[in-house]
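Comments concern the structure below.
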Amino acid sequence: MIKEGLLYTENQYLGRDRVWISVRLVLALFCFTAVYLNIDQLLSSQLFFLVGIVIIITSVVMMYLLLYRIEVFEGKVMLSGLWTTRLVKIELSSIVKVEKKPFSKFFFNNPVYNLHINGKIKFYAGGKDAVWLTDKDGLVYVIGTQRQEELFRAIETAKSKTNP
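Laid out in structure tokens, this is it:
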């Protein structure tokens, strides 16, 4: 079902960030190595094996767990999140600046949805790119994306249709 006036849509999944996938796989590898090294002690090797399997299954499930969806319409950007999260609607008529920047200078970033901190509202699931939107009041929306150029162009297009 295509929504009327939809210019862009993107899904951000909770478990698809390469850094955190690597961390989970290293933990699982540690567990399986411990199984091999503790083969004489049946109980502890079974426990390590079980923990390794649980880490892998959890990692696979998280890869398909939607954290939030970005939708750009004429005049607004809508971000809808998991189950109980609120729909965030950003009116493009109040946006004064749209920029392409990295999400953060840090290597490790935790997934966030609608995190208010230091005058910024952050949305992030994975990757390193983001689109920064600044409104008239100086509030900054930082939207993490896998397709930065496409999201930037869609927002610029939607904004130009709102303010001709």
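Add 14 to a position in the sequence shown, counting from 1, and you land on the number used in the working numbering.
Cβ coordinates follow ideal geometry from the N, Cα and C atoms, glycine included.
request  = Go ahead and pull the three-state DSSP assignment for GLU18.
outcome  = Coil.
ask   = Would you call the CB atoms of LYS119 and VAL126 closer than 7 Å?
value = Result no, Cβ atoms of LYS119 and VAL126 do not sit closer than 7 Å.
ask   = Quick one: Cα of LEU51 to Cα of MET76, how far?
value = CA-CA distance, LEU51 to MET76, rounds to 29 Å.
ask   = Can you tell me the Cα-Cα spacing of PHE62 and LEU56, whole angstroms?
value = Roughly 10 Å separates the two Cα atoms.
request  = Please classify LEU165: is it buried, with 16 or more other beta-carbons within 10 angstroms of its beta-carbon, or exposed?
outcome  = By the 10 Å Cβ count, LEU165 comes out buried.
ask   = Using a Cβ-Cβ cut-off of 6 Å (strictly less than) and excluding sequence neighbours within five positions of LYS103, which residues of its own chain qualify?
value = Taken in chain order, the residues that qualify are LYS90, MET92.
inquiry  = On the criterion of 16 or more Cβ atoms from any shown chain inside 10 Å, does VAL145 qualify as buried, or is it exposed?
reply    = Under the 10 Å beta carbon count, VAL145 is surrounded by 16 or more other beta carbons and is classified as buried.
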